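Engineer:
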């Protein structure tokens, strides 16, 4: 197993190694809140980071399985494409922003603007999220096992939000919607695949009222 | 951008290390603020009958001459310690009396802080140079705030640097930008608050000074600031007893806090806190928007 100690190895050395077609598993110690750790991976590799990371950890991730045994600073898994990023602690603001695919799992809480402008990623937060989460969310699922702050789903497009706890004031054009059998089944599978233990029957679903943007239901498949 | 750091020691045995802790945190925040750096630290409070002022001179200054003149005027001993472009003055007299004398006899000096425990040092230039010039590693204390500035709103000078004094033993550091500072500056000047630069953070400091003068508690003043100050901010306010933290309701300016049995720390980024002993096992959290946090003895 390749090992990098960020007290002696630079983040650039680590990231270059990750960009040069790595394989297997890789460990990172002493992250010390540094920025951009494990960014831009496009390889099937498992990266475990032991400690707290700074901004944009695992940004643009493709294929890789990145695990952070600590807290993450702003913008963790920003623009994730595929693979998975797991934060064992809390995540700061705009976690999973613009994510297009894959999964982001936050075992603690996420702060403001979690999943802002998400475009297909699945984000599962075992704790609570801050205000303005899923702002402008276009596609994908945001699952919140705790509570959601104010202005949830403001100006949301076609993403789906599930909340188990309390919801503050909803954002513009965000409404509660029915949990159909398909939604329950899909959520059950997502929780199982991400290893988050929560009773699917306790969740409510939120999404777009489709009044704020120029949406044509007949063209839904094109969006 | 800008970087804020704060540290409050719960274990007094660590007081001699305060300057070293602060230096490591400040240097780590250089990327967020390479233009200037400053600190406010609290130590060795003087008795009620005395006062402590930090003075700043724009060039070489004959500090010993000032000390002798003041001692002759006050007919008592005056203590003066020079730190680079600053000097800390301790006199057995009322602070207003001392400040009046300084204003008339040494009009080129600027009073950076006044109180019984606070000392403020700030200078333009990169944080690493500031740490060296002011020998931060030699400074002790019970708690301190620091700031690294990336100027966005106004010029890079020592006067535009943080922390800003907001009254006796009080100071403010700010990460962010205020949008209604021009109008508010005028309001504050009409209220008799002395604001010297076009800097937005000085207006926030002046605002707190005004509210505290009008009888608000620090917590009330900060809660009122949420209504009256428009813009983005994370504030840290130093007090004789500890420090307070406030983020605006949108909270896009970062802030993180951490606590161990030995200390409480706050910073714009965790990597500054990571410099402290035991940081890896600290309790870490992000302060909620529009919420006042305080620590004190």
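Chains as they are written, first to last, in the numbering used here: chain X, 1 to 223; chain C, 1 to 297. Cβ atoms here follow ideal geometry from the backbone N, Cα and C, with glycine treated the same way. In this text, all values refer to a predicted model and were calculated from it rather than measured experimentally.
#1: Who does residue 46/X pair with in a DSSP beta bridge?
#2: Going by DSSP, what residues sit across from residue 176/X in a beta bridge?
#3: Find the residues of chain C that neighbour residue 71/X, judging by a C-beta separation of less than 8 angstroms, and give them in chain order.
#4: What would DSSP say about residue 157/C, mapped onto helix, strand or coil?
#5: Quick one: what does DSSP say residue 55/X is sitting in, helix, strand or coil?
#6: So is residue 277/C in contact with chain X if we call contact Cβ pairs under 8 angstroms?
#7: Does the contact criterion of 3 or more C-beta pairs under 8 angstroms hold for the stretch 134 to 144 of chain X versus the stretch 103 to 118 of chain X?
#8: Can you tell me whether residue 186/C is buried or exposed? The criterion is at least 16 other CB atoms within 10 Å of its CB, across all chains shown.
#9: Nearest to residue 288/C by CA position, among 72/X, 149/X, 8/X and 54/X, is which residue?
#10: Which residues of the stretch 31 to 53 of chain X have a Cβ closer than 7 angstroms to any Cβ of chain C? Give them in chain order.
#11: Are the beta-carbon atoms belonging to residue 223/C and residue 153/C less than 8 angstroms from one another?
#12: Listed in chain order, which residues of the stretch 108 to 127 of chain X have Cβ atoms closer than 7 angstroms to some Cβ of chain C?
#13: Are there 16 or more other CB atoms within 10 angstroms of the CB of residue 147/C, so buried, or fewer, so exposed?
#14: Would you identify the three-state DSSP class for residue 131/C, choosing helix, strand or coil?
#15: On the three-pair Cβ rule with 8 angstroms, is the stretch 158 to 176 of chain X touching the stretch 93 to 108 of chain X?
#16: Could you give the first and the last residue of the continuous beta strand (DSSP E) run that contains residue 182/C?
#17: Can a CB atom of chain C be found closer than 8 angstroms to the CB of residue 74/X?
#18: Taking just the CA atoms, how far does residue 144/C sit from residue 116/C?
#19: When you compare each of 107/X, 159/X and 59/X to residue 195/X by their alpha carbons, which one comes out closest?
#20: Enumerate in chain order the residues of its own chain whose CB-to-CB distance from residue 224/X is below 8 angstroms, with the five nearest sequence positions on each side excluded.
#21: According to DSSP, is residue 198/X part of a helix, a strand, or is it coil?
#22: Residues in its own chain within less than 6 angstroms of residue 184/C by CB, not counting five upstream and five downstream?
#23: Among residues of its own chain, excluding the 5 on either side of residue 67/X, which ones have a beta-carbon nearer than 6 angstroms to its beta-carbon?
#24: Would the stretch 262 to 274 of chain C and the stretch 204 to 223 of chain C be scored as touching if the rule is three or more Cβ pairs under 8 angstroms?
#25: With residue 125/X and residue 143/X assumed to form a contact (beta carbons below 8 angstroms), what rounded beta-carbon distance in angstroms separates them?
#26: Would you mind giving the Cβ-Cβ distance between residue 6/C and residue 270/C, rounded to the nearest angstrom? I have them listed as a contact below 8 angstroms.
#27: Give, in chain order, every residue of the stretch 230 to 260 of chain C whose Cβ lies closer than 9 angstroms to some Cβ of chain X.
#28: To the nearest whole angstrom, what separates the beta carbons of residue 56/C and residue 158/C, a pair I think is in contact under 8 angstroms?
#29: When DSSP builds the beta bridges, which residues end up paired with residue 176/C?
#30: Of all the residues that make up the stretch 60 to 78 of chain C, which are near chain X by a beta-carbon distance shorter than 7 angstroms?
#31: For the structure I just gave you, are there three or more beta carbon pairs, one from the stretch 56 to 65 of chain X and one from the stretch 31 to 48 of chain X, closer than 8 angstroms?
#32: So residue 280/C contacts chain X; which residues on that side make the cut at Cβ distance below 8 angstroms?
#33: Anything in chain C within Cβ reach of residue 19/X, meaning under 9 angstroms, just list it in chain order.
#34: State the start and end residues of the unbroken alpha helix (DSSP H) segment that holds residue 136/X.
#35: For residue 124/C, is the beta carbon positioned less than 7 angstroms from some heavy atom of the ligand COA?
#36: Output yes if chain X places a C-beta closer than 8 angstroms to the C-beta of residue 93/C; else output no.
Structural biologist: Considering the structure as presented:
#1: DSSP links residue 46/X through a beta bridge to 25/X and 65/X.
#2: For residue 176/X, which the question treats as bridged, DSSP gives the partners 206/X.
#3: Near residue 71/X (Cβ distances below 8 angstroms), the residues of chain C are 270 and 284.
#4: Secondary structure of residue 157/C (DSSP, three-state): coil.
#5: Here residue 55/X carries a coil assignment [DSSP, helix/strand/coil].
#6: Not closer than 8 angstroms to any Cβ of chain X, the Cβ of residue 277/C fails to qualify, so no.
#7: When Cβ pairs closer than 8 angstroms are counted between the two stretches, the stretch 134 to 144 of chain X is seen to touch the stretch 103 to 118 of chain X, the count reaching three or more.
#8: With fewer than 16 other CB atoms across the displayed protein chains lying within 10 angstroms of its CB, residue 186/C is exposed.
#9: For the residues 72/X, 149/X, 8/X and 54/X, the minimum Cα distance to residue 288/C belongs to 149/X.
#10: If the cut-off is 7 angstroms between Cβ atoms, the stretch 31 to 53 of chain X has 32, 33, 34, 51 and 52 near chain C.
#11: Pairing residue 223/C with residue 153/C gives a Cβ-Cβ distance that is not under 8 angstroms.
#12: Of all residues in the stretch 108 to 127 of chain X, 111 and 112 have a Cβ within less than 7 angstroms of some Cβ in chain C.
#13: Its Cβ being crowded by 16 or more others within 10 Å, residue 147/C is buried.
#14: In this structure, residue 131/C counts as helix in the three-state DSSP scheme.
#15: In short, these stretches do not touch, since the Cβ pair count stays below three.
#16: Counting along the chain, residue 182/C falls outside any beta strand (DSSP E), though it belongs to the alpha helix (DSSP H) covering 181 to 190.
#17: Using beta-carbon distances, residue 74/X counts as an interface residue toward chain C, with a partner under 8 angstroms.
#18: Looking at the two C-alpha atoms, the distance is approximately 14 angstroms.
#19: Residue 195/X has its Cα closest to that of 107/X, out of 107/X, 159/X and 59/X.
#20: A query on residue 224/X cannot be resolved here, the shown segment of chain X reaching from 1 to 223 and no further.
#21: DSSP places residue 198/X in coil when its eight states are reduced to three.
#22: Result list for residue 184/C: 203, in chain order.
#23: Non-local C-beta neighbours of residue 67/X in its own chain, meaning closer than 6 angstroms and more than five positions away in sequence, comprise 48 and 86, ordered along the chain.
#24: Output reads no: the stretch 204 to 223 of chain C does not touch the stretch 262 to 274 of chain C.
#25: Correct: roughly 7 angstroms between the Cβ atoms.
#26: Your pair residue 6/C and residue 270/C does not check out as a contact, with CB atoms roughly 14 angstroms apart and the cut at 8 angstroms.
#27: Legend: CB atoms of the stretch 230 to 260 of chain C lying less than 9 angstroms from CB atoms of chain X belong to residues 249, 250, 251, 252, 254 and 256.
#28: That pair is a contact at about 6 angstroms.
#29: According to DSSP, residue 176/C bridges with 233/C.
#30: Residues: none.
#31: Because the criterion of three Cβ pairs below 8 angstroms is met, the stretch 56 to 65 of chain X and the stretch 31 to 48 of chain X touch.
#32: What residue 280/C touches in chain X: 51 and 52.
#33: Near residue 19/X there are no residues of chain C at all, since even the closest Cβ is about 23 angstroms away, more than 9 angstroms.
#34: Per DSSP, residue 136/X is not a residue of any alpha helix (DSSP H), being assigned neither H nor E.
#35: In the structure on display, the ligand COA does not appear, and there are no ligands present to speak of.
#36: Against chain X, the CB of residue 93/C has no partner CB under 8 angstroms away; the residue lies outside that interface.
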